[in-house]
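Notes for the one structure printed next.
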Amino acid sequence: DIQMTQSPSSVSASVGDRVTITCRASQGISSWLAWYQQKPGKAPKLLIYAASTLQSGVPSRFSGSESGTDFTLTISSLQTEDFATYYCQQTKRFPLTFGGGTKVEIK
Amino acid sequence: QLQLQESGPGLVKPSETLSLTCTVSGGSISSSFYYWGWIRQPPGKGLEWIGSIYYSGSTYYNPSLQSRVTISVDTSKNQFSLKLRSVTAADTAVYYCARHHQLENWFDPWGQGTLVTVSS
């Protein structure tokens, strides 16, 4: 199985801050990566797929990038509604696997 | 707008079978471009893909659960279902159904999720 490791596990930030979350794959997955946002008590919501393609309706302050087996989700200017837990998922092959999550908390 | 809704018992006894159904509305489950998947999340933990099914009945399971899982589809009802046999407390989780893009393997949208507790 492809293991996905996210870091940090949590981050404290203020509104307006730039936040970066990293996800590392245990083997090469090219651009086969998705990012999700999950708020407490809610289902995950797809933000980005193919490492950097924004899902329709997702604000442009969210962006994704890749460098080898490292992937980054960036929130350029954190908004109140962005406080949530973020998960990466490799979409390269079955079994599909997720990272452990990164919780973005209010500083 | 496509919507998915999970339904089924919220409490299952150890060693019994967990059964859930996902009803799809606002679109057809018989789409050529999508699978239909189940994902679970133990309380306070991360996400685990259980498996997915195509409208034709082709299935793809997580090997970690494959021996206990069956996913089926009923196109006439626009529903797909999950059965997980011989459950233990470790199977206690919120179970989500979701549309699964056939080529790109992402999940969107998701159902609201249903908590299933395994306890006697």
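In order, the protein sequence lines correspond to chains A and B.
Quick note: our numbering has the first sequence finishing at residue 113, numbered continuously throughout.
Quick note: our numbering has the second sequence finishing at residue 175, numbered continuously throughout.
Note that the Cβ used here is the ideal one computed from N, Cα and C, for glycine as well.
(request) Could you have a look at A:Glu-72 and say whether DSSP puts it in helix, strand or coil? (result) strand
(message) Looking at chain B, is there any beta carbon in it that lies within less than 8 Å of the beta carbon of A:Gln-61?
(response) True, the Cβ-Cβ gap to chain B drops below 8 Å.
(message) Quick check: what's the CA-CA separation for B:Gln-121 versus A:Leu-79?
(response) 32 Å
(request) Enumerate in chain order the residues of its own chain whose CB-to-CB distance from A:Glu-72 is below 8 Å, with the five nearest sequence positions on each side excluded. (result) Ser-37, Leu-39, Ala-57, Ser-58, Thr-78
(message) Spatial neighbours of B:Ala-148 within its chain, please: C-beta separation below 6 Å, excluding the five flanking residues on both sides.
(response) Arg-95, Gln-96, Pro-97
(message) So B:Thr-76 and B:Ser-62 are supposed to be a Cβ contact under 8 Å. How far apart are they, rounded?
(response) 5 Å
(message) So with CB distances below 9 Å, who are the chain B contacts of A:Tyr-93?
(response) Against chain B, a Cβ distance below 9 Å from A:Tyr-93 picks out Gly-101, Leu-102.
(message) Going by DSSP, what residue range makes up the beta strand (DSSP E) through B:Pro-164?
(response) 162-165
(message) So that I know if they touch, is there some Cβ in chain B lying closer than 8 Å to that of A:Gly-70?
(response) no
(message) Distance check for A:Gly-107 and A:Pro-65, CA to CA, integer angstroms please.
(response) Each residue's alpha carbon lies about 20 Å from the other.
(message) Strictly by DSSP, which residues pair up with A:Lys-109?
(response) A:Ser-16, A:Thr-91
(message) I'd like to know if B:Tyr-90 contacts chain A, where contact means its C-beta is closer than 8 Å to some C-beta of that chain.
(response) It does not: the Cβ of B:Tyr-90 has no partner Cβ on chain A nearer than 8 Å.
(request) To the nearest angstrom, report how far apart A:Val-21 and A:Leu-102 are at their CA atoms. (result) 33 Å
(message) I want to see whether chain B comes within less than 8 Å of A:Phe-104, judged by CB atoms only; does it?
(response) yes
(request) Using only the heavy atoms of the ligand ADP, determine whether one of them is closer than 7 Å to the beta carbon of A:Cys-29. (result) With respect to small molecules bound, the structure shown includes none, and the ligand ADP cannot be examined in it.
(request) Classify B:Thr-125 as helix, strand or coil using the three-state DSSP reduction. (result) strand
(message) Let me see if you follow: with CB-CB separation under 8 Å, is A:Thr-97 close to chain B or not?
(response) yes
(message) Please return the same chain residues whose Cβ sits closer than 7 Å to the Cβ of A:Leu-52, not counting the five positions on each side in sequence.
(response) Ala-40, Tyr-42, Gln-61
(request) Give the residues from the stretch 146-170 of chain B that approach chain A closer than 9 Å (Cβ to any Cβ), ordered along the chain. (result) Listed in sequence order: Val-149, Tyr-151, Ala-153, His-155, His-156, Glu-159, Asn-160, Trp-161, Phe-162, Asp-163, Pro-164, Trp-165, Gly-166, Gln-167, Gly-168.
(message) I'd like to confirm the pairing. Which residues does DSSP put opposite B:Glu-103 in its beta bridges?
(response) B:Glu-103 pairs with B:Arg-95.
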